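Structure first, then comments.
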Amino acid sequence: MKPNTQNAFDEQATNLTAQLPPAPRIAVIGSTSFWHPDSATTCQLVGAQLAKIDRLILLTGGVEGVGEAVGRSFFAACSSDEQRTFHVLPAGCVPWDYGVTLFAGRNMEERREILGRMAPIYLVIEGGPGTAHEHQVASKRGATIIPVGRSGGHAGAIYPHTAKPTVAVQADWDALASAQPSEISAAVASITCAIIAAGK
41 MKPNTQNAFD
51 EQATNLTAQL
61 PPAPRIAVIG
71 STSFWHPDSA
81 TTCQLVGAQL
91 AKIDRLILLT
101 GGVEGVGEAV
111 GRSFFAACSS
121 DEQRTFHVLP
131 AGCVPWDYGV
141 TLFAGRNMEE
151 RREILGRMAP
161 IYLVIEGGPG
171 TAHEHQVASK
181 RGATIIPVGR
191 SGGHAGAIYP
201 HTAKPTVAVQ
211 ADWDALASAQ
221 PSEISAAVAS
231 ITCAIIAAGK
């Protein structure tokens with residue numbers, strides 16, 4: 041893409057991020073429908089575990105599947121007076137019935153470019169070409185990637201090639217590849233807490 045287009049994405053991401061509460065952020069990206077039989081359960085448990093992290097803001101791409109499952113679980117586990125769940129959708133889309141919907145870009149491709157610039161941590165569960173695009177954007181700007189390798193899809197493909205964050209416990213990182221949903225969700229929360237505590 042042209043440099044000026046990239047600058048426009050940077051500017052939109054900065055403007056949207058300024059609308060979020062000043063708190064740690066994580067974005068969840070992944071498939072719009074589930075392929076692994078345990079992914080729905082994993083997403084629900086991950087959302088509930090992440091909601092326990094003080095003030096953590098969750099960003100989703102505003103689509104069904106992984107984003108919705110993690111998002112609804114996170115939202116349900118948060119206190120009713122907290123605004124901690126945010127979705128990013130292209131202009132003109134219908135807002136979600138939970139959380140806060142923000143609008144960015146003219147289509148899903150542009151929205152992916154912007155979402156990929158909005159968080160320091162990206163959780164990847166399953167995923168196809170759209171997830172790969174968001175992952176590429178996020179990685180290019182130095183975000184930390186947490187791929188749930190056991191879920192397969194893009195997460196499974198990148199897990200063996202993704203460096204464990206230095207602050208993460210090896211057992212937690214290993215759990216992402218082969219553990220059961222309850223262990224995976226605990227590992228995701230533990231890794232996220234360690235990254236936040238280290239100020240990454």
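Each number in the working numbering comes from the position in the sequence shown (counting from 1) with 40 added on.
The beta-carbon is built from N, C-alpha and C at its ideal position, and this holds for glycine as well.
Keep in mind the model is a prediction, meaning the values are calculated, not measured.
Excluding its 5 nearest sequence neighbours in each direction, residue 144 has C-beta neighbours in its own chain below 6 angstroms: 52, 56, 128, 151 and 154, listed in chain order. With 16 or more other Cβ atoms from the protein chains shown falling within 10 Å of its own Cβ, residue 84 counts as buried.
A buried status is given to residue 228, since no fewer than 16 other beta-carbon atoms sit within 10 Å of its beta-carbon. DSSP, reduced to helix, strand and coil, places residue 224 within a helical segment of the structure shown.
Burial state of residue 182 is exposed, judged by a 10 Å Cβ sphere holding fewer than 16 other Cβ atoms. Boundaries of the beta strand (DSSP E) around residue 140: 140 to 143.
Assigned with DSSP and collapsed to three states, residue 219 falls in coil, not helix or strand.
DSSP, reduced to helix, strand and coil, places residue 67 within a strand of the structure shown. With respect to the 8 angstroms criterion, residue 60 and residue 97 are classified as neighbours on the basis of their beta carbons. Taken through DSSP and simplified to helix, strand or coil, residue 198 comes out as helix. Considering only 126, 121, 234 and 133, the residue with the shortest C-alpha distance to residue 68 is 126. Residue state for residue 126 is assigned as strand, using DSSP reduced to three classes.
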